[in-house]
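The numbering used here numbers the first residue of the sequence shown as 41 and each following residue consecutively. In this text, a Cβ means the ideal position worked out from N, Cα and C, and glycines have one as well. One structure below.
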Amino acid sequence: MSMPLELAFSTLRARIAAAASTPVQLVAVSKRQSTAAIVAVAALGQRDFGENYVQEALGKIREISDPTLQWHLIGPLQSNKCQWVAEHFDWLQSLDRASLVAPLARFRPDGKAPLNVLIQVNIDDEDSKSGIAPEAIEPLAAAIELQPRLKFRGLMAIPRPAPDLSARRASFRRLRECFDAVRARHAQIDTLSMGMSEDFELAIAEGATLVRVGSALFGSRETR
Ligand SMILES: *Cc1c(COP(=O)(O)O)cnc(C)c1O
């Protein structure tokens with residue numbers, strides 16, 4: 041049985057606050073959730089929402105049409121969707137290649153704030169995962185910083201789903217170390233996006249400044 045949204049939201053906020061000593065940004069991951077559920081969570085004060093699929097997100101962004109919401113793309117980006125992302129999202133958390141940088145910048149409308157960009161890092165060196173190797177972060181960061189219509193904000197990763205929480209914690213720690221190294225050269229970056237429903241407290245303990253939480257808030261995506 042799923043908790044009513046209001047209770048799930050306040051419980052989640054309390055758990056984040058208890059785990060954190062400085063403010064942590066919550067992105068409510070609303071993929072495969074209804075617009076009604078998103079509107080209900082927005083009514084509780086939540087502003088940041090994360091979506092994995094560009095097309096699905098565009099429908100929701102148009103339908104909800106609330107300029108105070110911040111939309112984050114957290115799923116892989118195909119080059120033919122750069123224009124849509126540049127025009128309709130506020131954050132791209134999953135940048136993983138330099139070839140997307142120029143199109144994103146070109147399509148970012150002048151009337152909007154620069155697109156906030158996180159580089160996705162393949163922190164466990166998995167074959168199947170998107171994200172770049174830690175060694176490749178610096179050239180990509182430099183490419184983003186050449187574009188005034190983009191704003192480099194930090195790093196994101198999805199660790200391997202290890203059943204062993206200490207392995208996951210080690211992944212979070214490695215990403216944190218990457219983040220500190222990158223920040224030594226890009227002092228303005230402020231966002232370390234890691235941690236999901238199962239492990240956001242561990243991620244916060246390792247320095248996450250932004251957590252992406254779906255099922256712990258909305259309930260299971262499968263039973264909708
Ligand atoms: C689905 C998803 C989440 C949220 O996952 P939950 O386990 O439902 O909290 C977070 N980040 C990414 C990249 C996702 O695809």
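Given residue 62 as reference, the closest of 197, 247, 228 once Cα atoms are compared: Locating residue 62 in the sequence shown gives position 22, counting from the first residue. Among 197, 247, 228, the Cα nearest to that of residue 62 is on 247.
Closer than 8 angstroms: residue 77 CB and nearest ligand 1 heavy atom: Taking the sequence shown and counting its residues from 1, one reaches residue 77 at position 37. Because no heavy atom of ligand 1 lies under 8 angstroms away, the Cβ of residue 77 does not count as near it: no.
Residue of 192, 229, 222, 235 minimising C-alpha distance to residue 208: In the sequence shown, residue 208 corresponds to position 168, counting from 1. Taking only the C-alpha atoms, the option nearest residue 208 is 235.
Any non-hydrogen atom of ligand 1 within 8 angstroms of residue 243 CB: The residue given as residue 243 occupies position 203 in the sequence shown. Flag unset: Cβ of residue 243 not near ligand 1.
Candidates 120, 135, 254, of which the one nearest residue 157 by Cα: Position 117 of the sequence shown, counted from the first residue, corresponds to residue 157. It is 135 whose Cα lies nearest to the Cα of residue 157.
Neighbourhood of residue 148 by C-beta, 6 angstroms cutoff - its chain only, sequence neighbours within 5 removed: For the purposes of this step, residue 148 is taken as residue 108 along the sequence shown, with counting starting at 1. Closer than 6 angstroms at the Cβ level, and outside the excluded window around residue 148, lie 126, 155, 189.
Nearest-angstrom Cα separation, counted from residue 68 out to residue 101: Within the sequence shown, the letter at position 61 stands for residue 101. Within the sequence shown, the letter at position 28 stands for residue 68. When rounded, the distance between both Cα atoms is 14 angstroms.
heavy atom of ligand 1 below 8 angstroms from residue 162 C-beta: As a position in the sequence shown, residue 162 is number 122, starting the count at 1. False, no ligand heavy atom lies under 8 angstroms from that Cβ.
Neighbour-count burial assignment, residue 175, 16 or more Cβ in a 10 Å radius: As a first step, residue 175 is located in the sequence shown; it is residue number 135 there, counting from the start. Classification of residue 175: exposed, given that the 10 Å Cβ count is below 16.
Residue burial classification, residue 252 (beta-carbon count within 10 angstroms, cutoff 16): As a position in the sequence shown, residue 252 is number 212, starting the count at 1. Buried, since its Cβ has 16 or more Cβ neighbours within 10 Å.
Proximity test, residue 255 beta-carbon vs ligand 1 heavy atom, cut-off 8 angstroms: What you label residue 255 is simply residue 215 of the sequence shown in a count that begins at 1. At least one heavy atom of ligand 1 is nearer than 8 angstroms to the Cβ of residue 255, so yes.
Per-residue burial, residue 99 [other beta carbons within 10 Å of its own, 16 or more giving buried]: Walking along the sequence shown from the start, residue 99 turns up at place 59. By the 10 Å Cβ count, residue 99 comes out exposed.
The segment 178-197 touching the segment 222-232, judged by at least three CB pairs closer than 8 angstroms: yes
Strand pairing of residue 156, partner residues [DSSP]: Taking the first residue of the sequence shown as position 1, residue 156 is located at position 116. Its beta-bridge partners are 131, 191.
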